[in-house]
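In my numbering, the protein residues as written are 19 to 334.
Every residue gets a Cβ at the ideal spot worked out from N, C-alpha and C, and that includes glycine.
Worksheet: one structure, shown below.
The following block contains the structure:
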């Protein structure tokens, strides 16, 4: 044993047990309470900013007034039972389900497809990754107006293309089924960039060694995607699904500017019914009840998506 080694051991201070409430991290003066002291005020402030409107909305939904001039009176859950007794509510809920389902299916398929393509781009073409975020920075109302002109019956591009083929143009915003399809396409166009970036981030975390090993074993491209790639990016797919579901369930500007809920009520979802009840029917308390129902639905759907992602990601 050399002299320097012995000297180093002699000079090294003996480790002392960490005092109570202090973590054994090797950092001098480190205390477990320090992170909470720094982050606590910000967490409390954000909690108040986000939590107060929710609690106030729940509180106001327990009251009711026949007109704006009448005094409000406590009615408990009567607003919720009244909303649940209306056929319009269940019809709007069904249309919301169709709208959300269409957006998730179309949005996830396109997000995964674009993410796979962007993940294989060379360095010279990676500027396309930045371009994909452009639709997200366009306001929802502007996007709705753009698609309204795009699907115009007289001079819209799809009908112009059909006319060149000798096919009669389609009533995109007049036919109820086609109007719902147009609304779904528009909503997906506005939400797709964030979903692409989330899925792309998941693809870039996959170790290439796993895919190379499967390729050596003779696995096809679909087999590698099904049993390796998709399970490994299940958390990112769940996050993308949560985003699409939340955005569609709370979508208001796109539908209002594009179809106004029409033709008839074929595209009137829960947010539009809430708007109609609050500002046309002047029943603010029942409108708040619908808003709280939307909040609960978002929470329940998020739990479902996370459970499905956990089960899918754990499959062999």
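Start and end of the alpha helix (DSSP H) containing residue 177?
The count along the chain shown starts at 1 and reaches residue 177 at position 159. From DSSP, the alpha helix (DSSP H) with residue 177 extends over 175-182.
Report the CB separation of residue 80 from residue 93 in whole angstroms; it is logged as a contact under 8 Å.
Along the chain shown, read from residue 1 onward, the residue named residue 80 stands at position 62. Along the chain shown, read from residue 1 onward, the residue named residue 93 stands at position 75. Contact flag correct, Cβ pair sits at about 7 Å.
How long is the line joining the alpha carbons of residue 300 and residue 290, rounded to whole angstroms?
As a working mapping, residue 300 is identified with position 282 in the chain shown. As a working mapping, residue 290 is identified with position 272 in the chain shown. Each residue's alpha carbon lies about 14 Å from the other.
Kindly indicate which residue of 265, 287 and 218 has the alpha-carbon position closest to the one of residue 253.
As a position in the chain shown, residue 253 is number 235, starting the count at 1. That would be 218, whose Cα lies nearest to the Cα of residue 253.
What does the alpha-carbon distance come out to for the pair residue 335 and residue 224?
Because the chain spans 19 through 334 in this model, residue 335 falls outside it and cannot be assessed.
To the nearest angstrom, report how far apart residue 99 and residue 82 are at their CA atoms.
Here residue 99 is taken as the residue at index 81 of the chain shown, counted from 1. Here residue 82 is taken as the residue at index 64 of the chain shown, counted from 1. Distance between the alpha carbons of residue 99 and residue 82: 13 Å.
Out of 110, 200 and 78, which has the shortest C-alpha to C-alpha gap to residue 267?
Taking the chain shown and counting its residues from 1, one reaches residue 267 at position 249. The shortest Cα separation from residue 267 among 110, 200 and 78 belongs to 110.
Report, in whole angstroms, the separation of the C-beta atoms of residue 221 and residue 154, which I expect to be a contact under 8 Å.
As a position in the chain shown, residue 221 is number 203, starting the count at 1. As a position in the chain shown, residue 154 is number 136, starting the count at 1. In fact, because the Cβ distance is near 19 Å, the residues do not count as touching under 8 Å.
Please report how far the alpha carbon of residue 313 lies from the alpha carbon of residue 243, in whole angstroms.
Position 295 of the chain shown, counting from 1, holds the residue named residue 313. Position 225 of the chain shown, counting from 1, holds the residue named residue 243. Rounded to whole angstroms, residue 313 to residue 243 spans 35 Å at the Cα level.
May I ask you to report which of helix, strand or coil DSSP gives residue 91?
In the chain shown, counting from the first residue as 1, residue 91 sits at position 73. Looking at residue 91 - three-state DSSP - the assignment turns out to be strand.
With 16 as the cutoff for other CB atoms within 10 Å, does residue 263 come out buried or exposed?
As a position in the chain shown, residue 263 is number 245, starting the count at 1. It counts as buried.
Could you check what DSSP says for residue 270 in three-state terms: helix, strand or coil?
For the purposes of this step, residue 270 is identified with residue 252 of the chain shown, where counting begins at 1. If DSSP states are grouped into helix, strand and coil, residue 270 belongs with coil.
How many Å lie between residue 186 and residue 316 at the Cα?
As a position in the chain shown, residue 186 is number 168, starting the count at 1. As a position in the chain shown, residue 316 is number 298, starting the count at 1. Spanning the two alpha carbons is a distance of roughly 41 Å.
Three or more C-beta pairs under 8 Å: does that hold for the segment 246-261 against the segment 270-278?
These segments do not touch.
So for residue 169, helix, strand or coil by DSSP?
Position 151 of the chain shown, counted from the first residue, corresponds to residue 169. In this structure, DSSP gives residue 169 a state outside helix and strand, which the three-state scheme calls coil.
Is residue 155 close to chain B, meaning its C-beta is less than 7 Å from at least one C-beta of that chain?
Although the question refers to chain B, the structure presented lacks it and comprises just one protein chain.
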